[in-house]
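In our numbering, the protein residues as written are -10 to 136.
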């Protein structure tokens, strides 16, 4: 029985692309689990909350615009989470991590209420965009089958 449980735990499919949006951890806050992360521009090491504000699980779709900007659109749950994070995190850094690499880290100066996040050109590779959109489409198709 224990072997079956271990197999079941290991059988959970990991997403092929991880996209996580974290908030910088405010300095001096007690009881919050944080992780250090190195930013490239500007070069600095900051602490981020270890639990992401939003992740690939809340993505509705991703698209590249003609100028190369990558737009990540979140579902209603992700939209709400992003809005709360940017409202409570003003002045902090919003860190976007794709497959372990920091792709964008702006200082929050506005509340994001539309449920979209615009990332710089090249921040997410075309194959990663395709994989994330494929996952969402398969999940939607599965939900429709179950109805």
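Glycine included, C-beta positions come from ideal geometry on N, C-alpha and C. Note that the coordinates shown come from a computational prediction; the quantities given were computed from them, not determined experimentally.
| Item | Value |
| --- | --- |
| Going by DSSP, what residues sit across from residue 52 in a beta bridge? | 60 |
| Could you tell me the distance, in whole angstroms, from the CA atom of residue 110 to the CA atom of residue 57? | 4 Å |
| If you count every other CB in all the chains shown that lies within 10 Å of the CB of residue 13, and 16 or more means buried, which is it? | buried |
| Residue 73 and residue 105 look like a contact to me (Cβ under 8 Å); what is the Cβ gap, rounded to whole Å? | 15 Å between Cβ atoms; not a contact. |
| Residue 46: which of 98, 94, 8 sits nearest, CA to CA? | 8 |
| Pull up the CB-CB distance for residue 87 and residue 135, whole angstroms please, since I reckon it's below 8 Å. | Not really, about 30 Å apart at Cβ, beyond 8 Å. |
| Under DSSP, the beta strand (DSSP E) around residue 23 begins and ends at which residues? | 23 to 29 |
| For the alpha helix (DSSP H) containing residue 75, list its first residue and its last residue. | 65 to 77 |
| How many whole angstroms separate the CB atoms of residue 84 and residue 37, which I take to be in contact at a CB cut-off of 8 Å? | 5 Å |
| Taking the alpha carbon of residue 81 as the reference point, which residue from 66, 98, 70 has its own alpha carbon closest? | 98 |
| Classify residue 67: buried if its beta carbon has 16 or more other beta carbons within 10 angstroms, exposed otherwise. | buried |
| Is residue 107 buried or exposed, if buried means 16 or more other CB atoms sit within 10 Å of its CB? | exposed |
| Could you say which of 132, 133, 11 lies nearest to residue 71 if we only look at CA atoms? | 11 |
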